[in-house]
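The block underneath contains the structure these notes are about, expressed in structure tokens.
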Amino acid sequence: MYVVPYEGDQNDQELINLSKYLISIKTCENIRSFEKRGWRNKIS
Numbered sequence: 314m315y316v317v318p319y320e321g322d323q324n325d326q327e328l329i330n331l332s333k334y335l336i337s338i339k340t341c342e343n344i345r346s347f348e349k350r351g352w353r354n355k356i357s
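For the sequence shown, my numbering gives the first residue as 314, with consecutive numbering after it.
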């Protein structure tokens with residue numbers, strides 16, 4: 314998973330979005346077989 318680096322933007326939402334995504338996949342038994350590309354599009 315690629316996470317955009319923080320560069321001082323006060324409106325940066327990358328870590329907030331990442332935390333939402335990680336919470337959404339927490340019940341996945343085998344994360345290695347789970348498709349993670351496009352994770353930003355899968356945030357509800």
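Just so you know, even glycine gets a beta-carbon here, dropped at the ideal spot from N, CA and C.
Under 9 angstroms between C-beta atoms of Met314 and Leu328: The count along the sequence shown starts at 1 and reaches residue 314 at position 1. The count along the sequence shown starts at 1 and reaches residue 328 at position 15. No, these two residues do not count as a Cβ contact at 9 angstroms.
Inter-residue spacing [alpha-carbon to alpha-carbon] between Lys355 and Lys349: Taking the first residue of the sequence shown as position 1, residue 355 is located at position 42. Taking the first residue of the sequence shown as position 1, residue 349 is located at position 36. Spanning the two alpha carbons is a distance of roughly 9 angstroms.
Cβ shell of Thr325 (< 7 angstroms), same chain only, five flanking positions each side left out: Taking the sequence shown and counting its residues from 1, the one referred to as residue 325 is at position 12. Rather than Thr, the amino acid found at residue 325 in this sequence is Asp. Closer than 7 angstroms at Cβ, skipping near neighbours: Tyr319.
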